[in-house]
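Working notes for the structure below.
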Amino acid sequence: MFLRATAKINLCLDVLRKRPDGYHDVRMVMQMVGMYDRLHLYASKRPESEKGPGRITLSVNLPYIPADENNLAVKAARLLMDEKGVTDDLKIRLGKFIPVAAGLAGGSSDAAMTMIGVNQLFHLGFSDEELMERGKKIGADVPYCIMRGTALSEGIGEILTPLPDLPDCGILLSKPSCPVSTKEVYGNLHVNELSRDDHPDVDRMLEALGRGDLKGICEPGCMSNVLELVTAPNHPEIGELEREMKRLGALNAVMSGSGPTVFGIFKDIDEAERACGEIRRRFPQVRSFATRPVKREEL
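In structure tokens, the structure reads:
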């Protein structure tokens, strides 16, 4: 079985408060884009002489990606297979293309698509809603990566509302080489010290999506990421990339997730591809990729 695990961006990301359990309540608009990892899943029967739960093996094309129980795809498969008592073996072959630790939910998307694939491969009978409920045990972004498309995400990321599709456009992704820790970014965000202007206007973003208004979606007060206040000062290349994308015609450009990936939205894919070429020439150390939004029914 072959599956595409697509990347996500945050069209806007707001953090409302820190919870007593240490997590943060967020309100953000998530969007799938056409960058993806490749997943191949293979099931095989165990010999009758060998009893016990099905074995899971994972091979990855990159040596620094864990290929054991620390990989979210393995955790996701194990969760479902143990619950249903699957005794057949599972082999996962993962071709990573989404940059890691980039604010693009690559690991969460791998886990989500593994859950969808395992459910189909072993005929487990879970609904999407049941998979999303179990996905919360793997990671906050996993339920969204099961839902896919365009969605409002609330709570710690697990309360999801489908939204109208982002109008077709070009999206340029640029990932600097600087490492960013999501835990450290949230830990250094002092929500109580933020002003009203620091927060994106999520409601205005929702209204613009409802109208299919790409320019309205990209307005600075709407398309904004409060976590950039923490990440960008430590990594000046984030601001440099945003300014260059806007100079090259982006309607707006902001950081995705906790960073460091920057994305710019262009009126069409041709403009995004032209800008991608310029960004690659000016920032050769930055990994850049031009793509488009992906609708739920395309996945």
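Okay, so the sequence shown: first residue is 1468 according to the numbering used here, each after it adds one.
Ideal placement from N, C-alpha and C gives every residue a C-beta, glycine not left out.
The alpha-carbon of Ala1607 is positioned some 28 angstroms away from that of Leu1681. For the pair Pro1520 and Thr1554, the Cα-to-Cα distance works out to about 5 angstroms.
If only uninterrupted beta strand (DSSP E) runs of at least 3 residues are considered, those enclosed by the segment 1589 to 1630 are 1617 to 1622 and 1626 to 1629. Taking Ser1691 as the centre and dropping the five residues before and after it, the same chain places the C-beta of Cys1479, Pro1667 and Val1721 closer than 7 angstroms to its C-beta, in chain order.
Within the segment 1685 to 1744, the complete beta strand (DSSP E) segments at least 3 residues long are 1719 to 1722 and 1729 to 1733, listed from N- to C-terminus. Under DSSP, Cys1479 takes part in a beta bridge, and its partners are Val1496. Distance from the CA atom of Lys1518 to the CA atom of Thr1649, rounded to whole angstroms, is 40 angstroms. For Ile1705, the closest of Phe1750, Met1672, Glu1515 and Arg1671 by C-alpha to C-alpha distance is Phe1750. Going by DSSP, Leu1561 is part of the beta strand (DSSP E) stretching over Asp1556 to Gly1562. For Pro1566, the closest C-alpha among the options Ile1532, Arg1678, Gly1489 and Arg1486 is that of Ile1532.
Pro1530 is bridged by DSSP to nothing; it lacks a bridge partner.
Under DSSP, Thr1473 takes part in a beta bridge, and its partners are Tyr1503. Straight-line spacing of the CA atoms in Ile1638 and Glu1711 works out to 14 angstroms. Comparing alpha-carbon positions, the option among Leu1640, Lys1551 and Gly1624 lying closest to Phe1564 turns out to be Leu1640.
Using a Cβ-Cβ distance cut-off of 8 angstroms, the segment 1731 to 1744 and the segment 1479 to 1494 are not in contact, since fewer than three pairs of beta carbons, one from each stretch, lie closer than that value. Going by C-alpha positions, Gly1592 is about 37 angstroms away from Phe1756. The three-state reading of DSSP puts Gly1552 in coil, since its state is none of H, G, I, E or B. Distance check between Glu1674 and each of Ser1662, Glu1660, Cys1689 and Met1502 places Cys1689 closest, using alpha-carbon atoms only. According to the DSSP assignment, Arg1671 belongs to no beta strand (DSSP E) but to the alpha helix (DSSP H) extending over Val1669 to Arg1678.
Inter-segment contact for the segment 1588 to 1605 and the segment 1534 to 1551 is present: three or more beta-carbon pairs are separated by less than 8 angstroms. For Lys1542, the closest alpha carbon among the candidates Gln1752, Leu1529, Pro1530 and Arg1522 is that of Arg1522.
Looking only at Val1729, Phe1733 and Val1761, the smallest Cα-Cα distance to Val1753 is reached by Val1729. A residue is called buried once 16 or more other Cβ atoms fall within 10 Å of its Cβ, and Tyr1509, having fewer, is exposed.
Residue burial is scored here from C-beta neighbours: Thr1628 has fewer than 16 other C-beta atoms within 10 angstroms and is therefore classed as exposed. Only residues of its own chain outside the window of five on either side were considered, and among them Gly1562 have a CB closer than 6 angstroms to the CB of Arg1505, listed in chain order.
The distance from the Cβ of Gly1744 to that of Val1647 is about 26 angstroms, inconsistent with a contact at the 8 angstroms cut-off. Of Phe1589, Val1500, Met1468 and Lys1485, the smallest CA-CA separation from Ala1572 is found for Val1500. Selection Ile1559, Asn1538, Arg1486 and Met1497 evaluated against Arg1471 yields Ile1559 as nearest (Cα-Cα).
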